[in-house]
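Read top to bottom, the protein sequences are chains A and B. Reading the first sequence from the start, the letters are residues 1 to 194 in UniProt numbering. Reading the second sequence from the start, the letters are residues 1 to 194 in UniProt numbering. Reading through the structure tokens given below for one structure.
Number of protein chains: 2
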Amino acid sequence: MGATRRRGEDLEAAIHAAVQSQLMEHGYAALTFEGVAASAGTSKAVLYRRWPTKAAMVFASMTDKDKAPLATPDTGSLVGDLTQLLHDGNELFSHRGRDIILGILSDTDEDTAWSMRELIFRRSAEIVRPIVERACARGELGTHPIPTRALALPMDLLRNETLLRRKLDDAGIGEIVGVCVVPLFETLSGRDAG
Amino acid sequence: MGATRRRGEDLEAAIHAAVQSQLMEHGYAALTFEGVAASAGTSKAVLYRRWPTKAAMVFASMTDKDKAPLATPDTGSLVGDLTQLLHDGNELFSHRGRDIILGILSDTDEDTAWSMRELIFRRSAEIVRPIVERACARGELGTHPIPTRALALPMDLLRNETLLRRKLDDAGIGEIVGVCVVPLFETLSGRDAG
DNA sequence: GTCCTTAAGAAACGGTTCGTTTCCTAAGAC
DNA sequence: GTCTTAGGAAACGAACCGTTTCTTAAGGAC
């Protein structure tokens, strides 16, 4: 047959698509080099030339076209912004997302596990900072600066719930926002009234 | 040779010891039925008669002689109690502890993963409640009841750090206690002054 | 003590995936 | 047209899987 042989970015994109397909169909634990090779219509040797481990291959496929996974929302209120952020993150970290992240974190490939930790922890505080600044400008929060550790609280609690426990429902998100995050931010920013 | 053949609790204890030994030496991912059988001086069939999966076998070994893993400390101060609790939990969830917990959570054995979630989440709030009650009695906190979600905050943040990120140092523990937990407890309990 | 049921332990099975190697040849540069 | 690079096919030994078969020690019943 007119055997066309792919190269470079075409091939790489086909492999990434095959990895995603296998992840969705079978999950991280059951994903194999042989399955990906078959799905991509290539051979194992082609995969091993690119990535030393399954974890590295999957991580590359996840971070391929740098899809900014979480955007800072702007709904007009502190509670609205935090709720929206946790809602978006909840979708991202549930189901297959959790499976892939935990799979890589518990894999024997320590290098890729480290990269994954970087990926899911890096912007914890920075994604929340603009929300707090706008709330402060609106008068919803006081003017004392909020420490980075506290700014990271929403994403820290989200990770704990979605990656380690289970998918959050709206009530769980509301509880985190209303019982923990907002009261703490109000206190630390120097605003007394509820 | 005088081939002595173990049974019942003797055998079970030897298997649990072999599992622990293999976990310490190779970690969860590299632990195999064949390795455990060899280490325990028995055969795979004996293991499969007892546990259907590696996750179930390891979980059974972890929860064998119900070693109450975390006790509520009583140091005489709110900050001291919380610091001690996080310090103890930090040791428990680091190194091999993290490896085993994440390994089981990301395993294909969903039943055992569910049991593990129960194990590490069940007492999150209850372990902190006596600490808060004593602090309230001392006058360190106000008298408003603190919601369960907030009581779980110390263990939730500990899990996020130690299981997903890395082992905490004393500074990290101090930050969680001083920047997040104590200010929130003070606010929610109705105590204003720092 | 003897009998009898249970389960330990050894060994082998076919099957899957691993990670590597060999070989052939299509793609693309020059 | 020539040469270098890399895609793709196939096979490899090794490890572990989960199961099965068989022998025989352990331990209770009597």
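We treat Cβ as the ideally placed atom computed from N, Cα and C, and that holds for glycine.
Query, Result
"Run through DSSP, which three-state label would residue 12 (chain B) get?", "helix"
"Residue 7 (chain A) to residue 15 (chain A), Cα distance in whole Å?", "11 Å"
"Do the stretch 77-92 of chain B and the stretch 167-179 of chain B touch if we need at least three Cβ pairs shorter than 8 Å?", "yes"
"If you draw a straight line from the C-alpha of residue 185 (chain A) to the C-alpha of residue 146 (chain A), how long is it?", "7 Å"
"Rounded to whole angstroms, what is the Cα-Cα separation between residue 134 (chain A) and residue 94 (chain B)?", "38 Å"
"For residue 51 (chain A), I'd like the list of residues in its chain whose CB is within less than 7 Å of its CB, leaving aside the five on either flank, ordered along the chain.", "57, 60"
"Do you know whose CA, among B:173, B:182, B:112, lies nearest residue 84 (chain B)'s CA?", "B:173"
"Strictly under 8 Å for the Cβ-Cβ distance: is residue 189 (chain B) near chain A by that measure?", "no"
"Who are the neighbours of residue 59 (chain B) on chain A, taking C-beta pairs under 7 Å?", "Here the premise fails: no neighbours, minimum Cβ distance about 15 Å."
"To the nearest angstrom, how far is the alpha carbon of residue 12 (chain A) from that of residue 137 (chain A)?", "46 Å"
"DSSP three-state call for residue 132 (chain A): helix, strand or coil?", "helix"
"To the nearest angstrom, how far is the alpha carbon of residue 182 (chain B) from that of residue 26 (chain B)?", "39 Å"
"Assuming residue 198 (chain B) is part of the alpha helix (DSSP H), what are its boundary residues?", "Residue 198 (chain B) is absent from the structure shown; chain B starts at 1 and stops at 194."
"In whole angstroms, give me the CA-to-CA distance for residue 151 (chain B) and residue 74 (chain B).", "16 Å"
"Shortest alpha-carbon distance to residue 92 (chain B) belongs to which of B:122, B:41, B:158, B:103?", "B:158"
"Quick check: the Cα distance between residue 110 (chain B) and residue 72 (chain A), rounded to an integer number of angstroms?", "34 Å"
"So what does DSSP say about residue 146 (chain B), is it helix, strand or coil?", "coil"
"Going along chain B, which residues have a C-beta under 7 Å from residue 157 (chain A)?", "156"
"Would residue 96 (chain B) and residue 155 (chain B) qualify as a contact pair, given that the criterion is a beta-carbon distance under 8 Å?", "no"
"Using C-beta distances below 7 Å, list every residue in its chain close to residue 132 (chain B), excluding the 5 sequence neighbours before and after it, in chain order.", "141, 146, 151, 185"
"What would DSSP say about residue 156 (chain B), mapped onto helix, strand or coil?", "helix"
"What did DSSP end up calling residue 125 (chain A) once you bin it into helix, strand or coil?", "coil"
"Please name the residue in B:166, B:105, B:69, B:115 whose C-alpha comes closest to that of residue 88 (chain B).", "B:69"
"For residue 174 (chain A), which three-state DSSP category applies?", "helix"
"Less than 8 Å between CB atoms is the rule here; does residue 179 (chain A) satisfy it with respect to chain B?", "yes"
"Quick check on the burial criterion: 16 or more other C-beta atoms within 10 angstroms. Buried or exposed for residue 45 (chain B)?", "exposed"
"Does the beta carbon of residue 24 (chain B) fall short of 7 Å from some heavy atom of the ligand MN?", "No copy of the ligand MN appears in this structure; indeed no ligand is present at all."
"Is residue 70 (chain B) helix, strand or coil when you go by DSSP?", "coil"
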